[in-house]
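One structure is given below, encoded as structure tokens.
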Amino acid sequence: MLKKVILVLVVLFILLQFFQIDKSNPFSELSNDFFQIQNTPKELSATIEEACYDCHSYKTEFPWYTSVQPIAWWINHHINEGRDELNFSDWGNYSSDKKKKLSEECSEKIIQGKMPLSSYTYMHNIRIKDPKQRELLANYFSSLQFNTVRQEQEQEQEYE
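With my numbering applied, the sequence shown covers 24 to 183.
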């Protein structure tokens, strides 16, 4: 009986491999990317890209284990959720109010250790594990300045 159960599980696992996730990244205008808009210091740019961009942009680099189901489905779900919450590739499309809110949330979640996910930092061995790096990154996000909606409207009227 145990042999039959194991055989069924193995066959099921093999069949699951035929249902792969889409690993293509959607097109996005480079001019909308966070780094094209914000004047980010080089050392922080590297950390943000390393710690955030896989789940929060259209520049996802899928590791080898995203070819193994059902792990890939779980990871793909996290990526889609991450992009829905914050997408650095679409930064230029966000209003100043939304950018301010997202920057504050980034700072809070980094300080609280909620982002990046501990499973991600473990699997990718990234630098943000260092508390000083977390603090530096959180301070950077909280220091970003944005125009208010009213200021944006005033600037648009000046150009008309």
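Just so you know, even glycine gets a beta-carbon here, dropped at the ideal spot from N, CA and C. Predicted model, so just to flag it, every value in this text is computed and none were measured.
Helix, strand or coil at residue i according to DSSP, with G and I counted as helix
i    : result
E250 : The question about residue 250 has no answer, for the chain in this structure spans 24 to 183.
L25  : helix
G115 : helix
I149 : coil
S187 : This structure does not reach residue 187, given that the chain is present from 24 up to 183, and the question cannot be answered.
Proximity winner among the options, relative to residue i (alpha-carbon distances)
i    : options                  : result
E52  : C129, Q168, Y81 and F169 : Y81
H101 : C75, I151, S119 and F42  : C75
H147 : N99, D77, N162 and S90   : D77
S165 : V34, I134, P139 and K155 : I134
S118 : F57, S142 and T89        : F57
N48  : F85, I149, W97 and P154  : F85
L125 : Q92, I94 and Y163        : Y163
I44  : E128, D120 and W97       : W97
Cβ-based neighbour list, residue i, same chain, cut-off 8 Å, excluding 5 preceding and 5 following
i    : result
G136 : R157
F41  : none
I151 : T70, E73, A74, I133, P139, T144, R157 and L160
Beta-carbon gap between residue i and residue j smaller than 8 Å
i    : j    : result
S112 : N55  : yes
G105 : I60  : no
K123 : F169 : yes
L167 : L67  : no
Neighbourhood of residue i by C-beta distance below 6 Å, restricted to the same chain and skipping five residues each side
i    : result
M107 : The question names Met, yet the displayed sequence has Asp at residue 107. Nothing meets the Cβ criterion.
S130 : A161, F164 and S165
Residue environment, residue i, which counts as buried when at least 16 other CB atoms sit within 10 Å
i   : result
W87 : exposed
I37 : exposed
Own chain partners of residue i with C-beta closer than 7 Å, once the 5 adjacent residues on each side are dropped
i   : result
H79 : G105, R106, L109, N110 and F111
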